[in-house]
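Quick notes on the structure that follows.
Protein chains: 2
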Amino acid sequence: MSDQKIVTPDTAVIQQNGGFEDVLREAQQSGEFQPLLDNIPYANLIGLKFQRLGNDVLFHLPKNDDNIGNPILPAIHGGVIGGFMELSASLHLMMNMDCATLPKMIDFSLDYLRAGRHQDTYAECQVWRQGTRVANVAINAWQTERSSPIATARAHFLLTK
Amino acid sequence: MSDQKIVTPDTAVIQQNGGFEDVLREAQQSGEFQPLLDNIPYANLIGLKFQRLGNDVLFHLPKNDDNIGNPILPAIHGGVIGGFMELSASLHLMMNMDCATLPKMIDFSLDYLRAGRHQDTYAECQVWRQGTRVANVAINAWQTERSSPIATARAHFLLTK
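Line order of the protein sequences matches chains A and B. According to this note's numbering, the first sequence is numbered sequentially starting from 1. According to this note's numbering, the second sequence is numbered sequentially starting from 1.
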């Protein structure tokens, strides 16, 4: 077919978009999400780990010198705290959805409450609302005590087929 | 003095907090901000670069396999776009402030407008307001054209002595 000429490598890759959703479907069926995480380079870059506790999921960002923003304090950079919380929200939603579509983040609002020290950071998410088209997720991050969060955020996701 | 016993290595480091501000003051005086950037491990982790264009600053996140969130599309992870924009906002403010205090981010709100493809990403910031205590910075990120941003965000910073 002559119109195949206009398929660039990029658009060819996009047409295989089902691939990630296959990985997601498999993870949702088996309950084993580590392979999904292994498929996300940014998760490996910052060193994200998780632990399932029933329906809850505890996300964990281990202390990592590469995530430092202020080397003198030393403090974790706000950008990595935000990135960790965004990634946690996406993963939490994928782990708790009953469909295997890739959620697309619409917006993200983050309030910093305390300095993020150079130590392990944890995050937990709650799906406040999951409609057929939009989901609303809240995220809290803490270091020493869950009751003293270092940041709180919320995100909206578009759920498309 | 006996009360020195309770100084942990962490608190000892915090007492040297002036160090980063010294680096910042030097950068502001010389107009040479690369040494400041070299002091921020998270900037090196994601590969942030910048270019000064008069008072404007163009921030640049080169295409990097480690920043991928969806390997099938492939698309940059929202978390790294957010982190890049947060870091750009902090740096832009530090480059344009007339004092050498380290701005502390209070909050960050991000709207995703288009998918971030696996290619170079750029960001520009504007300081909407800089009071004595709070600064308000807007950030736009784009890939192909400045007029088609992939994300737009704003941040508040606390300016303390």
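Glycine included, every Cβ here is placed at the ideal spot set by N, Cα and C.
task: Counting only runs of 3+ residues fully inside the segment 70-152 of chain B, write out the beta strand (DSSP E) ranges in chain order.
output: Listed in chain order, the complete beta strand (DSSP E) runs (minimum 3 residues) inside the segment 70-152 of chain B are 104-112, 121-130 and 134-142.
field: Through-space distance from W142(A) to S148(A), alpha-carbon basis
entry: Position 148 of the first sequence, counted from the first residue, corresponds to residue 148(A). Position 142 of the first sequence, counted from the first residue, corresponds to residue 142(A). So the two alpha carbons sit approximately 6 Å from each other.
query: Using the beta-carbon of each residue, which ones in chain A are nearer than 7 Å to V80(B)?
result: Against the second sequence, residue 80(B) aligns to sequence position 80. Within chain A, the residues near V80(B) are Y42 and G83.
- request: Rank S30(A), K63(A), L36(A) and L158(A) by C-alpha distance to the C-alpha of G19(A) and give the top, closest one.
  value: Against the first sequence, residue 19(A) aligns to sequence position 19. G19(A) has its Cα closest to that of L36(A), out of S30(A), K63(A), L36(A) and L158(A).
query: At a Cβ cut of 7 Å, what residues of the segment 19-37 of chain B count as close to chain A, listed as they run along the chain?
result: Taking 7 Å as the Cβ-Cβ cut-off against chain A, the residues of the segment 19-37 of chain B that qualify are G19 and F20.
query: Can you list, in chain order, the residues of its chain whose CB lies under 6 Å from that of V137(B), leaving out five sequence neighbours each side?
result: By one-based count along the second sequence, residue 137(B) stands at place 137. Sequence-distant partners of V137(B) (beyond 5 residues in either direction) whose C-beta falls short of 6 Å from its own C-beta, in its chain, are A89, L93, C125, V127 and A155.
field: Beta bridge counterpart(s) of S53(B) as assigned by DSSP
entry: If you number the second sequence from 1, residue 53(B) lands on position 53. In the sequence on display, residue 53(B) carries Leu and not Ser. L53(B) pairs with D56(B).
query: Just checking, does the segment 78-88 of chain B make contact with the segment 70-86 of chain A on the three C-beta pairs under 8 Å criterion?
result: These segments touch.
message: Can you give me the C-alpha to C-alpha distance between Y42(B) and N140(A), rounded to a whole angstrom?
response: Sequence index remark: in the second sequence, residue 42(B) carries index 42 (1-based). Sequence index remark: in the first sequence, residue 140(A) carries index 140 (1-based). The alpha-carbon atoms of Y42(B) and N140(A) are separated by roughly 21 Å.
field: Endpoints, alpha helix (DSSP H) assigned at L36(A)
entry: Residue 36(A) sits at position 36 when you count from the first residue of the first sequence. Taken as a continuous stretch (DSSP letters only), the alpha helix (DSSP H) holding L36(A) covers Q34 to D38.
field: Alpha-carbon to alpha-carbon, Q28(B) and V57(A)
entry: Numbered from 1 along the first sequence, position 57 holds the residue referred to as residue 57(A). Numbered from 1 along the second sequence, position 28 holds the residue referred to as residue 28(B). Pairing V57(A) with Q28(B), the inter-Cα distance amounts to about 44 Å.
message: Please list, in chain order, the residues of the segment 103-123 of chain B that have any C-beta partner in chain A closer than 7 Å.
response: Here the close residues are M105, I106, D107, F108, S109, L110, D111 and Y112.
message: Just verifying my parser: in three-state terms, what is the DSSP assignment at L45(A)?
response: On the first sequence, position 45 is the one that residue 45(A) refers to. In the structure shown, L45(A) sits in a helix (DSSP, three-state: H, G or I).
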